[in-house]
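At position 99 of the sequence shown the residue is numbered 101 (the numbering used here), and the sequence of numbers has no breaks. Beta carbons: idealized from backbone N, C-alpha and C, even for Gly. Since the structure is predicted, the reported quantities are computational estimates derived from the model, not experimental observations.
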Amino acid sequence: MVKLGPFPSTKGAEDWDTNILILFKHWSVAKSIGETVDLNINAVQAFDTVLEYNKLLANSDRLLIWYALLFVVVEGYQELKLNDQRIDELLEKDNCVLLLKRFRNSMFHFQKAGITEKMLEFLEKKDSKDWINALNEALDKFFIKSFPMDKPLEELKKSGFIKAVDNETGTVFFYS
């Protein structure tokens, strides 16, 4: 058995909202998948090998999973009755949330088709890609605002767990 720890103090984070922290965990999972999606891949190119074609399929699958996981974040945001002007504006736009919900349901429940009508409703909706990107940006800003890191990072530096923090970029430097 591997024992993890000791973990550094979380002093400075005690007034963080636990519900938002849980929602952030869902956001982190979605974002980790979203960051692996190559948005510049050329879907209409000719493929020399099945491996090149598989690379496109894998990228497409990650995109579908990312979109579906984003609905989980939207659902949590709404259930927790959170408020953020930009996110709220985006969630009110042209039944995007309903279409994203149907997309998620289609993605995470067995279907007899690879790409279903419910998925296509969202994917073919005008500006759905722009909407999802704007939602991601708004969620990024929301979580940055919700969890100011200055106090916890200062405590981590004092404890010797981390070496330094670049306050401009937010980069954390660990001892190697």
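Can you grab the Cα-Cα spacing for the pair K13 / E157, in whole Å?
Within the sequence shown, the letter at position 11 stands for residue 13. Within the sequence shown, the letter at position 155 stands for residue 157. The predicted model places K13 with a pLDDT of 48, which falls under 50 and marks its position as unreliable, so this point remains unresolved.
With DSSP run on the structure shown, which of helix, strand or coil describes A115?
Along the sequence shown, read from residue 1 onward, the residue named residue 115 stands at position 113. Assignment of A115 by DSSP, reduced to helix, strand and coil, places it in the coil class.
Does the pairing of the segment 28-35 with the segment 53-71 give three or more beta-carbon distances under 8 angstroms?
yes
From I164 to A140, what distance separates their C-alpha atoms?
Taking the first residue of the sequence shown as 1, we reach residue 164 at position 162. Taking the first residue of the sequence shown as 1, we reach residue 140 at position 138. Taking the straight line from one Cα to the other gives about 29 angstroms.
From which residue to which residue does the alpha helix (DSSP H) around V39 run?
The count along the sequence shown starts at 1 and reaches residue 39 at position 37. Premise fails: V39 is in no alpha helix (DSSP H) and is neither H nor E.
Which runs of the alpha helix (DSSP H) spanning at least 4 residues fall entirely within the segment 80-126, listed in chain order?
87-93, 98-110 and 119-125, all fully within the segment 80-126.
Backbone CA spacing between E126 and L100 [nearest angstrom]
For the purposes of this step, residue 126 is identified with residue 124 of the sequence shown, where counting begins at 1. For the purposes of this step, residue 100 is identified with residue 98 of the sequence shown, where counting begins at 1. Each residue's Cα considered, the two are about 14 angstroms apart.
When you compare each of D19, E123, N21 and L25 to D142 by their alpha carbons, which one comes out closest?
Working through the sequence shown from its first residue, we reach residue 142 at position 140. Closest by alpha carbon: L25.
Compute the distance between the beta-carbons of K120 and R104, then report whether it is under 7 angstroms.
Translated into positions along the sequence shown, residue 120 becomes position 118. Translated into positions along the sequence shown, residue 104 becomes position 102. In terms of Cβ geometry, K120 and R104 form a close pair [threshold 7 angstroms].
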